[in-house]
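Residue numbering for the sequence shown follows the UniProt record's numbering, starting at 1 and increasing by one per position.
Just so you know, even glycine gets a beta-carbon here, dropped at the ideal spot from N, CA and C.
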Amino acid sequence: MASKTAVIAWGSGEDGQLGIGNNEEREWVCTITALRSENVRSVVAGSRNSLAICDDGKLFTWGWNQRGTLGHPPETKTENVPSQVKALANVKIVQAAIGGWHCLAVDDQGRAYAWGGNEYGQCGEEPERKDDSSRPVRRDIAIPQRCVPKLTVRQVAAGGTHSVVLTREGHVWTWGQPWPPGDIKQISTPVRVQGLDRVKVIAVGAFHNLALLDDGTVMAWGSNEYGQLGTGDTQPRSQPIAVQGLSDLNLVDIAAGGWHSTALTDDGE
Numbered sequence: 001m002a003s004k005t006a007v008i009a010w011g012s013g014e015d016g017q018l019g020i021g022n023n024e025e026r027e028w029v030c031t032i033t034a035l036r037s038e039n040v041r042s043v044v045a046g047s048r049n050s051l052a053i054c055d056d057g058k059l060f061t062w063g064w065n066q067r068g069t070l071g072h073p074p075e076t077k078t079e080n081v082p083s084q085v086k087a088l089a090n091v092k093i094v095q096a097a098i099g100g101w102h103c104l105a106v107d108d109q110g111r112a113y114a115w116g117g118n119e120y121g122q123c124g125e126e127p128e129r130k131d132d133s134s135r136p137v138r139r140d141i142a143i144p145q146r147c148v149p150k151l152t153v154r155q156v157a158a159g160g161t162h163s164v165v166l167t168r169e170g171h172v173w174t175w176g177q178p179w180p181p182g183d184i185k186q187i188s189t190p191v192r193v194q195g196l197d198r199v200k201v202i203a204v205g206a207f208h209n210l211a212l213l214d215d216g217t218v219m220a221w222g223s224n225e226y227g228q229l230g231t232g233d234t235q236p237r238s239q240p241i242a243v244q245g246l247s248d249l250n251l252v253d254i255a256a257g258g259w260h261s262t263a264l265t266d267d268g269e
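Structure follows, in structure tokens:
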């Protein structure tokens, strides 16, 4: 049956991230034919891999898979055709995120999942911990696994080497390596970000974080090397601080690139 939606892609395809059946570059938009039979509701693009979420909750991934970022053990370094993440076939995925080498997803019951690179504990599992046989836990997690099982999650966001989730109560939790590696020791177990309540939306860059509150305030914390926190300086912040110059605007959404931040007003600006 023909789909009501079409997924298109263009740009670099070196790692198969365009999903068009080859690893070539495309300077013009092209349709991902493998998804023609699916009703896709949202797509996410990472630097080397991509994913799509369907109306029925199916999750498809494609692109670079050397670290297990596609949600299944890597048989080849790259995969240029979308395939369903079988480990999540029995749940309805509603939102997902791609980080540096890891991915996060949340289902319609508020359960969060993580997979991919875990060298900094960004998948929610302490990489130095040993199991009962005294063997080190895997550095990479190729099969999606539950993370923060005690939390009911509304949104997930992935940074370069850390993870952030927004709960249905409006609280923000984080874990992994939230600063450039070597700056501060990683957070091995999820911790709640203090000073944040009634959060509506979160957004995460490589090493900085944003939170939009119910009252329209945007809070920011993390790395600030390029002024991405909007504080008028380049000093990092370990605790959330209000972004300057936005108090007269009615903000409805936020987004974060690797080292920059954006916000959307209710006037569409």
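| Asked | Found |
| --- | --- |
| Is residue 161 helix, strand or coil by DSSP? | coil |
| Quickly, what does DSSP pair residue 60 with across the bridge? List them, please. | 52 and 84 |
| Please classify residue 154 as buried or exposed, where buried requires at least 16 other C-beta atoms within 10 Å of its C-beta. | buried |
| According to the neighbour-count rule (16 or more other Cβ atoms, all chains shown, within 10 Å of its Cβ), is residue 198 buried or exposed? | exposed |
| Taking the alpha-carbon positions, what's the residue 226 to residue 233 distance? | 9 angstroms |
| Roughly how many angstroms separate the alpha carbons of residue 47 and residue 13, rounded to a whole number? | 10 angstroms |
| Measuring only the C-alpha atoms, how far is residue 45 from residue 62? | 10 angstroms |
| Which residues bound the beta strand (DSSP E) around residue 243? | Taken as a continuous stretch (DSSP letters only), residue 243 belongs to no beta strand (DSSP E), as it is neither H nor E. |
| Only counting the same chain, and skipping five residues up and downstream in sequence, which positions put a Cβ closer than 8 angstroms to that of residue 215? | 198 |
| With DSSP as the reference, identify every bridge partner of residue 225, one or two as the case may be. | According to DSSP, which records beta bridges pairwise, residue 225 is partnered with nothing at all. |
| So, residue 210 versus residue 156, is the Cβ gap smaller than 8 angstroms? | no |
| Compare the Cα-Cα distances from residue 166 to each of 65, 159, 146 and 192 and report the closest residue. | 192 |
| Taking the DSSP output, what are the residues bridged to residue 42? | 53 |
| Along the chain, where does the beta strand (DSSP E) that runs through residue 74 open and close? | Segment: none, residue 74 is in no beta strand (DSSP E) and carries neither H nor E. |
| Under three-state DSSP, which class holds residue 264? | strand |
| Where residue 204 and residue 37 are concerned, what is the direct C-alpha to C-alpha distance, given to the nearest angstrom? | 32 angstroms |
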